[in-house]
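The structure under discussion appears below in the form of structure tokens.
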Amino acid sequence: MKAKLINCLVCAECGGPLNCAVYEEDQSLPWPEILEGCLTCEICGQEYQVHKGIPRLIAGQVSRDVQKTVAGFGWEWNTFNDQIQHTYMTDKALFLDFIYPTTEDFFKGKCVLDAGCGMGRFLKMGAEFGSQEIIGFDLSHAVEAAYGNTRTLPNAHVVQADI
């Protein structure tokens, strides 16, 4: 987690601002990457962990049906991440076809949300297209693949959360 992401996050319970206690950082990038920490809401005191570089903004329970869907997609994106990375599924033209008539220029200078980012294949493209910041949300553990695919991009962020 890049420290600047804290300015974009709020408590999933009450919408209050969050503070971050940092337990472990990675200094190998041009910015300090928070690997382990705790986000605490200034209003209600709700705590969320930052684990493996990803803020985990999960509060409360999700339904059994949602849990099954999340587990399936998380397994799929993590299992097939390496195979998908070098195929047409991560092709720029495919992404532009998905978002047509929106073009690459649309992203320049904007703050973008990729809701349901999966393994981050489109999150990565949005970052490379020049978005000021792009934040990927996903409830599944696919966020770990997304983080691995985008952690070296200064404008890409990944959050595990229920949109």
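Using my numbering, you'd call the opening residue of the sequence shown number 9 and step up by one each time.
In this text, a Cβ means the ideal position worked out from N, Cα and C, and glycines have one as well.
Query, Result
"Can you name the start and end residues of the alpha helix (DSSP H) that residue 157 belongs to?", "151 to 158"
"Applying the 10 Å Cβ sphere with the 16-neighbour rule, what's the burial state of residue 37?", "exposed"
"With three or more beta-carbon pairs closer than 8 Å as the criterion, would you say the segment 108 to 126 touches the segment 139 to 154?", "yes"
"I need the boundaries of the beta strand (DSSP E) containing residue 169, first residue and last residue.", "164 to 169"
"So residue 131 and residue 158 are supposed to be a Cβ contact under 8 Å. How far apart are they, rounded?", "6 Å"
"Could you check which residue in 41, 20, 53 has the C-alpha nearest to that of residue 164?", "41"
"What distance in whole Å lies between the Cβ atoms of residue 63 and residue 9, which are believed to be in contact at a cut-off of 8 Å?", "5 Å"
"Helix, strand or coil: how does DSSP classify residue 128 here?", "coil"
"DSSP has residue 42 in a bridge; who is on the other side?", "33"
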